[in-house]
Amino acid sequence: MTDESPDAADMRRQPWRLVPATSDDAAGLTALDLALVRDGRGMVISEEQVRSEAAEAERLATLTEAAPNGTICLLAKVDADTVGAAELRVLSPRRCAHVGLLSLGVHPDWQGKGLGRALMVELIGHARAHSLRRLELCVRADNLRAIALYESLGFITEGVRRGFIALDDGGFADDLLMARWLPERDREDCPLADLGDRVTRS
Ligand SMILES: CC(C)(COP(=O)(O)OP(=O)(O)OC[C@H]1O[C@@H](n2cnc3c(N)ncnc32)[C@H](O)[C@@H]1OP(=O)(O)O)[C@@H](O)C(=O)NCCC(=O)NCCS
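Using the working numbering, read the sequence shown as starting at -4 and increasing by one per residue.
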């Protein structure tokens, strides 16, 4: 008998493992970005803007150096393949050092299997462990799957950047700023504490 929740047991049965990226992961991340851009859904950059392996290695080396402040690139791997990535960047101005900016991508072949949620839950736990108080992200207003995921994890829409994204057909799409508050580590008496609770239940 175990008192572990069914969710926690399910997460452990998944075929992926979640690991922090190192500069050795540059090729895998570049391949993941290319697959996401070619698929198109939810993405803003185009294929020629995907970072080269060398540029990605350099970026990851810098990011790893920033690790003590909570900044992290978390990868989902299946065997040697990188099938998902989530990044948390802690802002550097001293008065914003409690804020983390998130980004997330799951390989098209692995979408809809719970991996995006697993990466987000892990990153939120990491943010709490580093005493961050506010998490934010940007998402295209037409990316309903991502928005549903973020809302289920307690993020709310704080703002709309109207016409922020230029579409191939000459039109424009809106972009949302979403954010959630985290309770103080060991304390739940923060604004929006109810949102903090939702993560532990997810
Ligand atoms: C958005 C994305 C990260 C979600 O990851 P995922 O692994 O596909 O998502 P999950 O399987 O963990 O599903 C998480 C939630 O997404 C939502 N979702 C999944 N499939 C959906 C669909 N077809 N329609 C609407 N919502 C859907 C549900 O809320 C789901 O919650 P559930 O666990 O209660 O079912 C992933 O689809 C992706 O990388 N898309 C392309 C790039 C992108 O959009 N990145 C985000 C930019 S902000």
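All C-beta atoms in this analysis are idealised placements derived from N, C-alpha and C, irrespective of residue type, glycine included.
First and last residue of the uninterrupted alpha helix (DSSP H) at residue i
i	result
V32	21 to 34
T152	Segment 151 to 161 is the beta strand (DSSP E) holding T152; no alpha helix (DSSP H) there.
G111	110 to 124
L58	48 to 60
Cβ-heavy atom distance, residue i to ligand 3, below 7 Å
i	result
L144	As for ligand 3, it is missing from this structure, which binds only ligand 1.
Residue i versus residue j: straight-line alpha-carbon distance, rounded
i	j	result
S47	L96	23 Å
S126	D104	34 Å
C91	L130	11 Å
A81	G166	29 Å
F159	I151	19 Å
T59	W176	25 Å
Environment of residue i [buried if 16+ CB atoms lie within 10 Å]
i	result
V116	buried
L55	buried
V45	buried
T25	buried
G100	buried
P88	exposed
L139	exposed
G154	exposed
Heavy atom of ligand 1 within 7 Å of residue i beta-carbon
i	result
G23	no
A141	yes
K72	no
A120	Note that residue 120 is Gly in the sequence shown, not Ala. False, no ligand heavy atom lies under 7 Å from that Cβ.
R36	yes
Residue range of the unbroken beta strand (DSSP E) whose run includes residue i
i	result
A168	167 to 176
I142	Segment 139 to 147 is the alpha helix (DSSP H) holding I142; no beta strand (DSSP E) there.
Under 8 Å between C-beta atoms of residue i and residue j
i	j	result
Y145	L132	yes
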